[in-house]
Amino acid sequence: MIQFIARLHGIKPEEQPDYGQDVPGVAKGTAVFGLLTSGIVIAHLIGLLSTGIFVVLRTGTGWSFWETLGLTILAVLGVIALAISGFLVWSSRRGKLLMRDRVIAGLKLRGDEQVLDVGCGNGLLLIGAAEKLTTGTAVGVDIWRSDLESNNSRDTVMHNAALAGVADRVQVQDANALDLPFVDGRFDIVLTSLMLHHMNEAERQTAVRQMVRVLKPGGKLVIVDLAHLSALVTLLHACGLTAVHQVPLNLPFFKQLVATK
Ligand SMILES: C[S@@+](CC[C@H](N)C(=O)[O-])C[C@H]1O[C@@H](n2cnc3c(N)ncnc32)[C@H](O)[C@@H]1O
């Protein structure tokens, strides 16, 4: 919004890192569906479609039961779709930045750590961690699924890192969470956000075991996700991690697990 107002006044705003849109297809699809259904309901209410789309349901001169029910269902679905779309856009553009600040502050980094972000997307947690490092390095890996995050690529991560002034502390690699290309015990901190719920149960178990494998003894694993929390807690215990805690976040529906190896 601020950038839009600045542009209206002919001011070129300073470029900021862009961490992309989560599940862009879902955000667009729900917006289009919500706008279409609301449009139909509103047009019907003001009479534009009163003898149009629902005429097949019309039995007399007034609204039939089925016509009213059809419109009510359409209105409810439209509101739900618009709410989902609005939340996805807000959480990707603003909410996740607030969440990121909370997660990174909770790590209390000294500055010399080796940090890994698995499924780093456009570098949200990766760059947040790098901003707290001095001699340490933040490494991001991803397979760049564009259906899960818009514009995600190695180039976007490095561009965002440069904009944030941390490119010298960030490395990014093409790698699959199911087979991390790192030796055992390489990292002090392993982070992952919003990747695991896109996997099936077997993949999730493999990915978490890989993250635990590359973590140093005494290192911390931080998982931010929307679902499967209790199964993840059980899995983390089975992997031998201790002090597995759910730590509250400042974003609805998002949950954080912190565990120590
Ligand atoms: C919803 S995005 C979240 C990105 C980022 N962590 C964030 O919170 O902004 C999920 C990311 O996980 C990546 N991903 C999905 N499966 C993966 C896998 N098996 N290995 C590595 N990355 C994966 C996707 O490419 C995508 O960038």
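Going by my numbering, the first residue of the sequence shown is number 109, and it counts up by one from there.
In this text, a Cβ means the ideal position worked out from N, Cα and C, and glycines have one as well.
Review point. With a cut-off of 8 Å, do at least 3 Cβ pairs link the segment 279-294 to the segment 318-327?
Key: yes
Review point. What residues match up with Ile-297 in a beta bridge as DSSP calls it?
Key: Val-223, Lys-328
Point to revise | Three-state secondary structure (DSSP) of Ala-246 | key: strand
Practice item. Could you say if the segment 329-341 and the segment 235-253 meet the contact criterion of at least three C-beta pairs nearer than 8 Å? Key: no
Exercise for review: Name the residue from Leu-299, Ala-275, Leu-329, Gly-133 whose alpha carbon lies nearest to the alpha carbon of Glu-257.
Suggested key: Gly-133
Check your understanding: Which stretch, first to last residue, makes up the alpha helix (DSSP H) that contains His-345?
Key -> 337-346
**Study point:** Leu-232 in three-state terms, based on DSSP
**Key:** helix
Check your understanding: Which one of Arg-218, Gly-219, Thr-176, Thr-138 has the shortest CA to CA distance from His-152?
Key -> Thr-176
Practice item. Grab the span of the beta strand (DSSP E) containing Asp-282 for me, first residue to last. Key: 278-282
**Study point:** Residue interval of the alpha helix (DSSP H) (run including Ala-189)
**Key:** 173-198
Practice item. Using 10 angstroms around the beta-carbon of Val-164, count the other beta-carbons present and answer buried if the total reaches 16, otherwise exposed. Key: Because the pLDDT of Val-164 is 49, which lies under 50, any placement of that residue in the model is unreliable, and the number read from its coordinates should be weighed accordingly. Label assigned to Val-164: exposed.
Point to revise | Best match in Leu-234, Thr-243, Asn-230, Leu-143 for proximity to Gly-219 [C-alpha to C-alpha] | key: Thr-243
Point to revise | Val-298 versus Thr-264: straight-line alpha-carbon distance, rounded | key: 21 Å
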